[in-house]
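Trainee: Quick one: this structure, given as structure tokens, is what I'll be asking you about.
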Amino acid sequence: MKRLLTILTVLILASLVLGACVQQVTPTVEPTQPPAPTQAPPTQAPTKAPEPVQTEEPVVELGPVLKIGQIGQLSGALALYGLQQTRGFELGLEYASGGKKDEAGRYIIANRPVEVLVRDDEGNPEKAVQLARELIEKDGVEIIQGPSSSASAAALTTVALENKIILMVDPAASAFITGQYFNPYVFRTSRTNYDDVLVIAKYLVENVGTKFAHIGIDNAFGRGSGAALAYAVGQYGGEVVADIYAPFETTDFTPYIQQAMDSGADCLFLTWAGTGYVTLFQQLADLGALDEMQVATGFGDNASFAAVYGAAVGQIGLNVYHYTAANTEINKWLTEKHLEKYNEPPDLFTAGGMASALALAAALEKTGGDASGDAMIPALEGLKFEGPKGTYYIRPEDHVCLQPMNILKLVDINPPLDDKGRPTYKFFETVYVTKYDELAVPCTLTGEYESRCGNLPRP
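FYI, in mature numbering (1 follows the signal peptide of the UniProt record, and there is no 0) the residues of the sequence shown are -20 to -1, 1 to 439.
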């Protein structure tokens, strides 16, 4: 049976020339007297015109420094994602500011120099909360961006509400962040689990089968993906017959894989992240699951691609972002800058970091630099902006960010280097890129916020 792998941001010069005007007066002469000999008037030194006066550009006083706290995972299994997030956010600030900096080298947004304070939560929700509170209370941070971990993002929603401060989430993907953990201060530029499965669900049901098993991480990201998968395949007549979760630290997936194989499912959908993917795929092969079932997941980051997806050449999968699939001017700029600074193309979550910076910059321009939560909320709600993937739209009801998603075909696991010896990561042919508003991403608000969903689709 064929194998399918799918993946689930411008002196004014003025011169004034003063000229001297000399008026010559002729004396009145009595007519009875002979005219006096004509005499030349006394010679006067010519009056020198003053030098042109130059006026310098008016000095506009900058506003106070805007501190943004960025929480990501810079160590451990998802360290690569945190690095991509940080690089993308910095490049987003550069793009949004037009490269304009203050004397300290900080990019200027809405007449405010921006200082980004980066912290590593190590993927730990408790540490993420501790770091966020320290950033707000001790460092004077006015906005929080990140994190990588969906569990950390869910925990940070409470900090945002308590401090009435904007939490702009990316890359964490769990739908729960703008669902059951939603509050008005929580926004995202990251996609949700629903984007991941909706972009590919129709294809899976029509070409793979109607019965699905799911193995996911036992956290907000994994469980959010499981709920999204059930909703998505259900739209096209499929069902999830086995919803299985394993701890993130799992090294032996045998019992989970066996449970999926025993379920009678036609397709196994995986929701995992980090280096554990390699072990998971190895054990799927060892147990024969790759032959018995069609395995579907998302095409991930460039750096670890070959190690994880080596056996998937020719397969079609979903993808959040790949620089080769986004035909936009901003993506071209991002790619060139990233190659220049880091000697490789942007990766899976670089675009998300950039999108967060672009969204925040656009909102700050609207508020005149006021970063308070209550000022930023109306500026962000309903914001439509252009980013590396194309058009993004922050839905006002639930702050879900609608955006393009990719279906790609893997054609080369070992693409060549470019003429400067840099990796190209040209793994794919682009099959399809959705429009930002094409996927019917449901509103998953609950409790006191449920009525905000209005007429949006519900799961």
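Using N, Cα and C, we set each Cβ at its ideal position, and we do this for glycine too.
Is it right to say Gln238 is buried, meaning 16 or more other beta carbons lie within 10 angstroms of its own, or is it exposed?
Mentor: By one-based count along the sequence shown, residue 238 stands at place 258. It is exposed - the Cβ of Gln238 has fewer than 16 other Cβ atoms within 10 Å.
Trainee: Whose CA, out of Gly196, Asp378, Gln274, lies closest to the CA of Cys433?
Mentor: In the sequence shown, counting from the first residue as 1, residue 433 sits at position 453. Out of Gly196, Asp378, Gln274, Asp378 has the C-alpha closest to the C-alpha of Cys433.
Trainee: Hey, Ile387 and Val411: beta-carbon distance below 7 Å or not?
Mentor: In the sequence shown, residue 387 corresponds to position 407, counting from 1. In the sequence shown, residue 411 corresponds to position 431, counting from 1. Yes, the pair counts as a contact, with Cβ atoms nearer than the cut-off.
Trainee: Buried or exposed for residue 443, please, with buried defined as at least 16 other CB atoms from any protein chain shown within 10 angstroms of its CB.
Mentor: Any property of residue 443 remains undetermined from this structure, which presents the chain solely from -20 to 439.
Trainee: What is the rounded straight-line gap between the Cα of Phe408 and the Cα of Leu178?
Mentor: Within the sequence shown, the letter at position 428 stands for residue 408. Within the sequence shown, the letter at position 198 stands for residue 178. Rounded to whole angstroms, Phe408 to Leu178 spans 20 Å at the Cα level.
Trainee: In three-state DSSP terms, what is Val98?
Mentor: Reading the sequence shown from its first residue, position 118 is the one you call residue 98. Reduced to three states, the DSSP call for Val98 is strand.
Trainee: My output table needs one value for Pro395: the three-state DSSP class, helix, strand or coil.
Mentor: Here residue 395 refers to the residue found at position 415 when the sequence shown is read from its first residue. The answer is coil: DSSP assigns Pro395 none of H, G, I, E or B.
Trainee: Within 10 angstroms of the Cβ of Pro11, are there 16 or more other Cβ atoms? Answer buried if so, exposed if not.
Mentor: Walking along the sequence shown from the start, residue 11 turns up at place 31. For Pro11, the pLDDT reaches just 41, beneath the cut-off of 50, and the residue's location in the model is therefore unreliable, leaving the point undetermined.
Trainee: Quick one: any contact between the region 312 to 327 and the region 130 to 139, if contact means 3 or more CB pairs under 8 Å?
Mentor: no
Trainee: Asp175 to Val421, Cα distance in whole Å?
Mentor: Along the sequence shown, one-based indexing puts residue 175 at 195. Along the sequence shown, one-based indexing puts residue 421 at 441. One C-alpha to the other measures close to 6 Å.
Trainee: With a 10 Å radius around its C-beta and 16 neighbouring C-beta atoms as the bar for buried, classify Val40 as buried or exposed.
Mentor: Reading the sequence shown from its first residue, position 60 is the one you call residue 40. It counts as exposed.
Trainee: What did DSSP end up calling Leu388 once you bin it into helix, strand or coil?
Mentor: Here residue 388 corresponds to residue number 408 of the sequence shown, with the count starting at 1. Strand, per DSSP.
Trainee: Does the distance from the CB of Gly278 to the CB of Leu298 come in under 7 Å?
Mentor: Here residue 278 corresponds to residue number 298 of the sequence shown, with the count starting at 1. Here residue 298 corresponds to residue number 318 of the sequence shown, with the count starting at 1. Against a cut-off of 7 Å, the Cβ pair of Leu298 and Gly278 comes out as a contact.
Trainee: For Thr426, count neighbouring Cβ atoms within 10 angstroms of its own Cβ and tell me buried if that reaches 16, exposed if not.
Mentor: Here residue 426 corresponds to residue number 446 of the sequence shown, with the count starting at 1. Thr426 is exposed by the Cβ-count criterion.
Trainee: With a threshold of 8 Å on Cβ separation, who are the neighbours of Ser284 within its own chain once the five nearest residues in sequence on each side are excluded?
Mentor: The residue labelled residue 284 in the question sits at position 304 within the sequence shown. These residues qualify, in order along the chain: Leu60, Thr255, Tyr257, Val258.
Trainee: Over the uninterrupted alpha helix (DSSP H) stretch that includes Gln110, give me the two end residues.
Mentor: Taking the sequence shown and counting its residues from 1, the one referred to as residue 110 is at position 130. Start and end: 105 to 117.
Trainee: By the three-class DSSP mapping on this structure, what secondary structure does Glu41 have?
Mentor: As a first step, residue 41 must be located in the sequence shown, where it is residue number 61. Residue state, collapsed to three classes: coil.
Trainee: Using 10 angstroms around the beta-carbon of Asn311, count the other beta-carbons present and answer buried if the total reaches 16, otherwise exposed.
Mentor: On the sequence shown, residue 311 is found 331 positions in, with the first residue counted as 1. The residue in question, Asn311, is buried, as its Cβ has 16 or more Cβ neighbours within 10 Å.
Trainee: Near Met273, which residues of its chain fall below 6 Å by C-beta distance, leaving aside the five closest residues on each side in sequence?
Mentor: The sequence position of residue 273 within the sequence shown is 293, counting from 1. Leu248, listed in sequence order.
Trainee: Once DSSP output is grouped into helix, strand and coil, what is the label at Ala245?
Mentor: One-based indexing of the sequence shown puts residue 245 at position 265. Here Ala245 sits in coil by DSSP.
Trainee: With a 10 Å radius around its C-beta and 16 neighbouring C-beta atoms as the bar for buried, classify Thr231 as buried or exposed.
Mentor: Within the sequence shown, residue 231 is the residue found at index 251, counting from 1. It is exposed - the Cβ of Thr231 has fewer than 16 other Cβ atoms within 10 Å.
Trainee: Ignoring anything shorter than 4 residues or poking outside the region 184 to 247, list the alpha helix (DSSP H) runs there in chain order.
Mentor: 200 to 214, 234 to 241
Trainee: For Phe172, count neighbouring Cβ atoms within 10 angstroms of its own Cβ and tell me buried if that reaches 16, exposed if not.
Mentor: The count along the sequence shown starts at 1 and reaches residue 172 at position 192. According to the sequence provided, residue 172 is Thr. The question's Phe does not apply to it. Buried.
Trainee: Here's the rule: buried if 16 or more other CB atoms are within 10 angstroms of the residue's CB, otherwise exposed. What is Ala29?
Mentor: Stepping through the sequence shown from its first residue, residue 29 is reached at position 49. Only weak support exists for where Ala29 lies, its pLDDT of 47 falling under 50; the coordinates are left without a value.
Trainee: Is it true that the region 138 to 153 meets the region 335 to 355, where meeting means three or more beta-carbon pairs spaced less than 8 Å apart?
Mentor: yes
Trainee: According to DSSP, is Thr172 helix, strand or coil?
Mentor: Taking the first residue of the sequence shown as position 1, residue 172 is located at position 192. Thr172 falls in the coil class under three-state DSSP.
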